[in-house]
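Colleague: Pasting a structure here, questions to come.
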């Protein structure tokens, strides 16, 4: 029986924290719910009245809308001792909350924590959907090393996903094929999508439905 739920939100930008607030608001009336974040995500949650806990998460250098995983790994090698210490501090705090379910929104510390302690986990991520729709991405978002990055992510997902894991992929198009059968063209190379035991495509997670939001004109490009 679920008693305590911990949500760990990636603090890079506002997108993760925005949808995690919707999840938090939906759960807090029924379960003892704690939410962790850092950076811009933490600031967003606090400004919106959420009693979030702050921790030192993994961030990355700000540049254009693209994430080069290999460059980030290389840049973080000198910080590996600090990252390890930050993870242990994070784990100590979660141990105090004694979660019976962990929800992580693209935040690796919580994934590792649940995996090591064999706690059921729901992973909210857009990694698989982004890979599946690579061919339809705008050209300026495609990077030459995306295929190699997909191999790295695939290995990580297959290594850590268990029967206690559920991957929840928010998606506008929920008519996707079984991930174990889909071959993708990524950066001019065909690769196999990672095999995920429990993958569920879900609707977009939003704080308000479109009809509940005041319409504001931001300009022709939005």
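Numbering (the numbering used here), first residue to last: 124 to 345.
Positions of the beta carbon are idealized from the N, C-alpha and C atoms, including for glycine.
I need the boundaries of the beta strand (DSSP E) containing residue 206, first residue and last residue.
Modeller: Start at 1 with the first residue of the chain shown, and residue 206 comes out as number 83. Premise fails: residue 206 lies in the alpha helix (DSSP H), 203–220, not in any beta strand (DSSP E).
Colleague: Does the segment 142–151 come close enough to the segment 231–242 that 3 or more CB-CB pairs lie under 8 angstroms?
Modeller: Cβ pair count under 8 angstroms is below three, so no.
Colleague: So residue 159 packs on residue 131, CB below 8 angstroms; how close in whole Å?
Modeller: Residue numbering aside, residue 159 sits at position 36 when the chain shown is read from its first letter. Residue numbering aside, residue 131 sits at position 8 when the chain shown is read from its first letter. Indeed they touch by this definition, with Cβ atoms about 5 angstroms apart.
Colleague: In terms of DSSP beta bridges, what is residue 322 paired with?
Modeller: The residue given as residue 322 occupies position 199 in the chain shown. Paired residues: 290.
Colleague: Would residue 290 be called buried (16 or more neighbouring beta carbons within 10 Å of its own) or exposed?
Modeller: Working through the chain shown from its first residue, we reach residue 290 at position 167. By the 10 Å Cβ count, residue 290 comes out buried.
Colleague: Give the range of the beta strand (DSSP E) segment to which residue 146 is assigned.
Modeller: Along the chain shown, one-based indexing puts residue 146 at 23. Run containing residue 146: none in the beta strand (DSSP E); it sits in the alpha helix (DSSP H), 138–150.
Colleague: Look at the alpha carbon of residue 221 and the alpha carbon of residue 294, and state the distance between them as a whole number of angstroms.
Modeller: Along the chain shown, read from residue 1 onward, the residue named residue 221 stands at position 98. Along the chain shown, read from residue 1 onward, the residue named residue 294 stands at position 171. Roughly 31 angstroms between the two C-alpha positions.
Colleague: Go ahead and label residue 152 buried or exposed: buried means 16 or more other beta carbons lie within 10 angstroms of its beta carbon, across all protein chains shown.
Modeller: In the chain shown, the residue the question calls residue 152 occupies position 29. Burial call: exposed.
Colleague: According to DSSP, simplified to helix, strand and coil, what is residue 332?
Modeller: For the purposes of this step, residue 332 is identified with residue 209 of the chain shown, where counting begins at 1. In this structure, residue 332 counts as coil in the three-state DSSP scheme.
Colleague: Output needed for residue 157: all residues of its chain with C-beta closer than 8 angstroms, excluding positions within five of it in sequence on either side, in chain order.
Modeller: To locate residue 157, count along the chain shown from 1; it is residue 34. Cβ neighbours of residue 157 beyond the five flanking positions: 127, 128, 129, 130, 176, 220, 222.
Colleague: Mind checking which residues open and close the alpha helix (DSSP H) that includes residue 170?
Modeller: Position 47 of the chain shown holds residue 170. Element bounds for residue 170: 162–170.
Colleague: Keeping to the same chain, check which residues put their C-beta closer than 6 angstroms to that of residue 209; ignore five residues upstream and five downstream.
Modeller: Position 86 of the chain shown, counted from the first residue, corresponds to residue 209. Answer for residue 209: 179, listed in chain order.
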